[in-house]
Every structure is written in C-alpha cells, then in structure tokens.
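Asker: Listed in order, the protein sequences are those of chains A and B.
For the record, in the first sequence the residue sitting at position 9 is 157 according to this note's numbering, with numbers rising by one throughout.
For the record, in the second sequence the residue sitting at position 74 is 73 according to this note's numbering, with numbers rising by one throughout.
Idealized CB from N, CA, C, for every residue including glycine.
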Amino acid sequence: MMQRFECLRAIYDQLENCLVVTIMGAVACELQSLGHKPNFFYLQHAMGLGSSTGLGLALCLPQQKVVVFDGDGSILMNLGGYTTLARYRPKNLVHVVFDNESLLSVGGFPTATSTGSDLEGVAHASGIARTKTVHTIEEFKHAFDDALRTNDLTSMVAKVEAVGPKGYVTELALLENRFQFKRYIEKLTTEARRHGERKN
Amino acid sequence: MPVSLANSGVVYDALKKCDIGLVSALPETWLVHLIRMAEDDPKMILVRLAKEEEGVGISAGAHFAGVKSAMLMQNHGFLASINGIVSLAQLYRIPLLMLISYRGHFGERDPWQTQGGGVTEPLLRSLGIPYSFLDDPAKVEKRIAEAQTWAYASLHPAALLLTRELMWEEPA
Ligand SMILES: Cc1ncc(C[n+]2csc(CCOP(=O)(O)OP(=O)(O)O)c2C)c(N)n1
C-alpha cells in the first residue's frame with residue numbers, strides 16, 4: 149500500500165505555483181518536512197473546513213490553482229461540503245483526500261471508510277463530475293498531474309497506509325504561517341494587477 | 000411575506016458600501032430578500048451552503064485572497080458554526096463579519112426558535128465576540144461599517160444581530 153508521504157514527495161515540485169491548504173496533524177507535518185513554502189497553509193484544527201477554505205480561495209482567485217490536501221476523518225465531518233464544491237465547481241480547485249481509513253493524528257481510530265464508505269462515491273453522487281480513486285504512486289501522480297492541467301474541479305481519493313510522523317508540532321507557529329500565506333497572496337495579486345495595467 | 004423588503008435593501012446596500020465581495024448564506028425566512036439581492040448582483044459572489052460552518056472556511060479563504068466577506072445565517076446557524084469560529088476564525092485571527100438573524104427572542108411565535116434565542120447573546124459573550132443590533136434602518140449602515148472596521152482592526156469575528164424590529168413587518 150502506498151504512503152501519503154511518498155505521494156506528497158512525488159508531486160511536491162508541482163506545488164510551487166499553487167496555493168496549498170492542508171488539514172491538521174500528520175499531513176501538515178509531512179508536507180512541512182519536505183520543505184515549507186509561503187504558499188502552503190496548514191489548517192491546524194477546525195476539522196472539515198480545509199475544503200471550504202480552498203473553495204473560498206478558489207472562488208476569489210479564479211486565475212490561481214488551489215490544492216487541498218484533506219483527510220477521510222476531516223471530510224466525513226463536512227460531507228455537505230462536497231455538495232457545495234459541486235454546486236460552484238471552481239475550475240481551479242484540486243481536492244485530494246488522503247484516505248487512510250483512520251483518525252491517524254489522534255492515535256489511529258478506524259473511520260467509516262474502513263467499513264466500506266466510499267468517499268469518491270459520495271463526491272460523485274454530490275455532483276462532482278471529475279472524481280477518481282487511486283491506489284499506487286503512479287496512479288496518484290498521473291491523476292494529480294491531470295487534475296492540475298485540467299480546467300475543472302477534481303476531487304480525488306488516494307488510498308494510503310495509516311502511517312505518519314511521530315509528532316505533529318512543528319517549528320512554524322500557526323499565526324506566522326497564516327500571515328505569511330496571506331502576504332504571499334497579496335504579492336501575487338499585486339503583481340497580477342501591475343501586469344494587467346501594463347497590458348492595458 | 001411580512002419580511003421587510005425595504006430594510007433588507009438597507010442592509011444589502013450597507014454591505015455593498017463596506018466593499019463586501021462575497022456572501023455565504025443559508026436561507027431562513029428573514030434572510031430571503033437579502034439572499035435574493037446577493038443573487039441578483041452580478042458583482043457579488045454568493046455561496047449557498049449546506050451547513051453554516053462551511054461559511055467560516057469560505058470567509059477565511061476569501062480573507063486570504065483579499066476579498067471582504069460576510070456570513071448570512073440565523074442564530075441556529077451560528078450555533079452550528081461554533082467550532083469553525085473558534086478553531087479557525089479565532090485561532091487564525093480571521094476578521095469574520097457575521098450577520099445573524101436573531102430568532103427566538105421576544106415577539107417570536109415559533110416555539111422551536113425560542114431555545115436558541117435564549118442562548119445567542121450569552122454564547123456570543125462567552126466566546127468574546129462583540130456584537131451590536133441592527134434594529135433601526137437609519138443606523139444600519141453605520142453599525143455594519145463599525146463592526147467591520149473593528150473586525151479588521153482586531154482580526155477577530157464580530158457579529159450583528161438582525162432583529163425582529165428591523166426584519167419583520169407585522170401585517171396590519
Ligand atoms: C471537532 C474535532 N473533533 C476531534 C478532533 C481531534 N482530531 C484531531 S486530528 C483528528 C483526526 C483527523 O483525521 P483525518 O482527517 O482522517 O486525518 P489523519 O489524521 O488520518 O491524517 C481528530 C479526530 C478535532 N481536532 N476536532
């Protein structure tokens with residue numbers, strides 16, 4: 149079975165020009181260990197709202213690719229959020245659920261995906277046209293590349309092993325991350341505006 | 000319907016004056032005109048939610064993107080959003096502007112609204128979320144602008160309670 153860390157490593161370079169939102173705990177820690185960037189925001193609490201935060205970003209910045217790294221436990225707290233994603237269908241949003249069938253970051257309790265609940269099925273039935281479930285690194289890399297290239301909302305489920313780092317607290321303070329992320333976007337939008345003015 | 004169209008317009012115009020570019024909403028009776036106004040406005044991004052708490056995430060994303068936003072919900076929607084408010088908006092210092100219709104307070108005829116009506120202000124207070132009332136159309140613009148100014152100065156959620164006085168016109 150593939151590991152989430154390998155998945156992140158396989159696509160890390162492609163995150164350079166994306167706004168990235170992760171959920172708390174293991175995935176935030178793993179992405180940081182590959183190298184923190186100012187365009188990464190780690191939502192270190194508020195289970196379920198990673199996808200909603202990504203939706204807000206994607207709707208307000210339609211020219212900007214937004215990637216959300218979600219978890220099965222987290223999205224299970226906001227299944228309605230799938231219907232909101234489907235309804236607004238932001239073309240610039242890639243939603244990835246790392247489904248380890250577990251609440252790993254609190255010690256590993258099985259979630260309902262371990263007894264057959266199918267998150268891709270929920271996403272699809274919610275009205276998201278482009279959905280996919282992947283099991284290998286090659287499939288993951290291919291599906292992610294494809295989602296980044298495609299001009300449409302994609303929601304994918306990556307089935308991964310329930311393993312992660314030993315601890316979850318990192319050097320980066322929550323607010324430091326938050327202000328850095330906002331400032332990064334400010335710079336992007338100012339540059340885009342200047343560029344637009346030159347063109348006119 | 001005895002929901003005040005005129006006062007809904009006053010509230011909507013005030014939001015526009017505050018440069019609100021995104022509104023997230025979950026309907027309830029008092030909010031129908033306001034939501035329709037957002038829908039008819041080509042410059043407004045309206046996000047209709049499945050559950051109000053999503054709106055906290057959407058507003059956080061909008062804030063990071065440099066867009067001013069507001070949440071439109073009833074007080075039971077506020078109750079349903081509390082973890083998001085605490086664990087995202089307060090933890091990450093998001094200037095969340097919440098317009099909450101204050102159901103279940105004096106004058107309420109729907110029995111099911113009354114329990115939530117009684118806990119709305121105590122909860123806002125215990126969360127440390129400052130609030131004021133939208134009760135007089137002449138003061139709506141000023142109160143919304145002041146709440147927004149405070150939310151941005153403090154990077155903290157602020158609430159405006161839409162009252163029966165403003166939103167409801169008793170049929171004669
Ligand atoms: C509302 C709420 N309930 C419980 C928790 C405790 N908690 C923190 S992380 C977590 C598990 C997250 O699971 P998942 O999204 O599947 O990600 P994983 O940890 O497996 O990577 C839980 C339950 C919380 N933060 N918030």
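Near A/H195, what residues of its chain come up, given a Cβ to Cβ distance below 6 Å and the 5 sequence neighbours on each side ignored?
Answerer: According to the sequence provided, residue 195 of chain A is Met. The question's His does not apply to it. Excluding residues up to 5 positions away in sequence, S222, M225 lie with their Cβ nearer than 6 Å to the Cβ of A/M195 in the same chain.
Asker: Quick one: does the C-beta of A/D293 sit closer than 7 Å to a heavy atom of ligand 1?
Answerer: no
Asker: Which residues in the same chain as B/L165 place their Cβ atom closer than 6 Å to its Cβ, once the five residues preceding and following it in sequence are excluded?
Answerer: N6, L133, D134, listed in sequence order.
Asker: Closer than 7 Å: is that where the CB of A/M195 sits relative to any heavy atom of ligand 1?
Answerer: Under cutoff, so the answer is yes.
Asker: Runs of 4 residues minimum, wholly inside the segment 43-130 of chain B: which ones carry the alpha helix (DSSP H) assignment?
Answerer: 53-63, 74-79, 113-125
Asker: Would you say the beta carbon of B/G106 comes nearer than 7 Å to a heavy atom of ligand 3?
Answerer: Looking at this structure, you won't find ligand 3 anywhere; what it does contain is ligand 1.
Asker: Can you find a heavy atom of ligand 1 that lies under 7 Å from the Cβ of B/D12?
Answerer: For ligand 1, not one heavy atom lies less than 7 Å from the Cβ of B/D12.
Asker: Quick one, which residues of the segment 182-211 of chain A are near chain B if we go by CB-CB under 9 Å, in chain order?
Answerer: F189, L191, Q192, H193, A194, M195, G196, L197, G198, S199, S200, T201, G202, L203, G204, L205, A206, L207, C208, L209
Asker: Put B/M166 into one of helix, strand or coil per three-state DSSP.
Answerer: B/M166 sits in a helix when the DSSP states are folded into three classes.
Asker: For ligand 1, any of its heavy atoms closer than 7 Å to the Cβ of A/T411?
Answerer: Because chain A spans 149 through 348 in this model, residue 411 of chain A falls outside it and cannot be assessed.
Asker: Check whether the segment 34-42 of chain B touches the segment 182-195 of chain A, taking contact to mean three or more Cβ pairs, one atom from each stretch, closer than 8 Å.
Answerer: no
Asker: So is B/Q89 buried or exposed if we call it buried at 16+ other beta carbons inside 10 Å?
Answerer: buried
Asker: Name the residues in the segment 315-346 of chain A whose C-beta lies less than 8 Å from a C-beta of chain B; which are they?
Answerer: Of all residues in the segment 315-346 of chain A, only L322, L323, R326, F329, K330, I333, E334, T337 come within less than 8 Å of chain B when Cβ atoms are compared, listed by chain position.
Asker: Any chance you could list the alpha helix (DSSP H) runs of at least 4 consecutive residues sitting entirely within the segment 205-276 of chain A, in chain order?
Answerer: 220-224, 227-236, 267-273
Asker: Quick one: grab the DSSP three-state call for B/V31.
Answerer: Here B/V31 sits in helix by DSSP.
Asker: Check the C-beta distance from A/P258 over to A/A206 and give it rounded, since I have them as a contact under 8 Å.
Answerer: With a Cβ gap of about 31 Å, A/P258 and A/A206 do not count as contacting.
Asker: B/P94: which of B/E107, B/N82, B/R102, B/A61 sits nearest, CA to CA?
Answerer: Nearest of B/E107, B/N82, B/R102, B/A61 to B/P94, Cα basis: B/A61.
Asker: Quick one: which residues of the segment 127-152 of chain B get their C-beta closer than 8 Å to a C-beta of chain A? List them in chain order.
Answerer: none
Asker: Can you tell me which residues form a DSSP beta bridge with A/M304?
Answerer: A/V244, A/K280
Asker: According to DSSP, what are the bridge partners of A/Y190?
Answerer: A/T170
Asker: Under DSSP, the beta strand (DSSP E) around B/S23 begins and ends at which residues?
Answerer: Note, B/S23: beta strand (DSSP E), 19-24.
Asker: Judging by CA-CA distance, which residue of A/A234, A/E345, A/E334 is the nearest neighbour of B/F63?
Answerer: Minimum Cα distance to B/F63 is reached at A/E334.
Asker: Quick one: is B/R108 buried, meaning 16 or more other Cβ sit within 10 Å of its Cβ, or exposed?
Answerer: Around the Cβ of B/R108, a 10 Å sphere holds fewer than 16 other Cβ atoms; the residue is exposed.
Asker: Is the Cβ-Cβ distance between B/I57 and B/S86 less than 8 Å?
Answerer: no
Asker: When you compare the segment 315-324 of chain A with the segment 166-178 of chain A, are there three or more beta-carbon pairs, one atom per stretch, that lie closer than 8 Å?
Answerer: yes
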